[in-house]
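Heads up: the structure comes next, in C-alpha cells.
Residue numbers (the working numbering): 17 to 177.
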C-alpha cells in the first residue's frame, strides 16, 4: 500500500532510507553511502524530514506492508517542474513492483500539484532503476554531478501532452 508520509511514520521512513543505502555498498562509492547513512542517523535528520511535511510543494510517500515501511519516495513540485529526489525499496522487498507503484503514485501526485515535467537522476550502476524509469517513459537527458561529486544520469518525462 502506498500512502503519504505522516509524522508517526517519520522514524520508519528514515530507517527505510538507511536500509536502502546499506544495500548500496559495493554498488555506489562506499564513501558516499557511508555519508548518507551517517547523515540520516543523526537526530536532527528526523526534524529535517518532519519539516518537509510542512511544505505543500513536497511529496513524501511510503510503501508499507503491515507496520513495516518497505519503500519510500520523496521530491517536490515547483511551478510546472517536478523533481523525484529519492526513491528506494528495502532489499528484501525488491522485485515485487513496489518501486513501480511508488513511481506511478509519485507521478500522479506531481500531476495533481501542476507538474508538466518530472525529472530525476540516478547512478549508471543502478540498472534496475534505469530500466524502471525508461519503461515508464522517462528519457535520458544527459549527465549531471550531484553535490557529492557523483556523476548521475538525468532523466525527464513530460507529464502533460
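All C-beta atoms, glycine included, are put in the ideal place defined by N, C-alpha and C.
As the structure is a prediction and not an experimental result, all values here were calculated from the model.
Among the options, nearest to residue i - alpha-carbon criterion
i: residue 103; options: 135, 95, 82; result: 135
i: residue 174; options: 168, 127, 166; result: 127
i: residue 20; options: 61, 54, 45, 72; result: 72
i: residue 30; options: 124, 168, 44, 76; result: 76
i: residue 61; options: 44, 169, 33, 45; result: 33
i: residue 156; options: 53, 162, 139, 109; result: 139
i: residue 89; options: 166, 145, 153; result: 145
i: residue 166; options: 40, 45, 18, 39; result: 45
i: residue 129; options: 94, 48, 69, 111; result: 94
Whole-angstrom distance between residue j and residue i, CA atom to CA atom
i: residue 74; j: residue 42; result: 31 Å
i: residue 176; j: residue 50; result: 38 Å
i: residue 149; j: residue 59; result: 33 Å
i: residue 65; j: residue 87; result: 15 Å
i: residue 171; j: residue 81; result: 29 Å
i: residue 168; j: residue 158; result: 9 Å
i: residue 27; j: residue 67; result: 13 Å
i: residue 109; j: residue 120; result: 17 Å
i: residue 105; j: residue 36; result: 6 Å
i: residue 160; j: residue 141; result: 15 Å
i: residue 79; j: residue 152; result: 19 Å
i: residue 53; j: residue 131; result: 30 Å
i: residue 163; j: residue 56; result: 16 Å
i: residue 38; j: residue 114; result: 18 Å
i: residue 133; j: residue 147; result: 19 Å
i: residue 107; j: residue 83; result: 17 Å
Opening and closing residue of the alpha helix (DSSP H) in which residue i lies
i: residue 128; result: 114-128
i: residue 156; result: That residue, residue 156, is in no alpha helix (DSSP H); its beta strand (DSSP E) goes 155-161.
i: residue 57; result: 46-57
i: residue 30; result: 26-38
Start and end residues, beta strand (DSSP E) containing residue i
i: residue 147; result: Careful: residue 147 lies outside any beta strand (DSSP E), inside the alpha helix (DSSP H) at 143-151.
i: residue 179; result: For residue 179 there is no data in the structure shown, the boundaries of the chain being 17 and 177.
i: residue 165; result: Note, residue 165: premise wrong, no beta strand (DSSP E); not H, not E.
i: residue 81; result: 74-81
i: residue 22; result: From DSSP, residue 22 is part of no beta strand (DSSP E); its letter is neither H nor E.
Buried versus exposed call for residue i [16 or more other C-beta atoms within 10 Å across all chains shown]
i: residue 137; result: buried
i: residue 92; result: buried
i: residue 25; result: buried
i: residue 118; result: buried
i: residue 100; result: buried
Distance cut-off 8 Å: residue i Cβ against heavy atoms of the ligand MG
i: residue 56; result: The model on display carries no ligand, and the ligand MG is accordingly not part of it.
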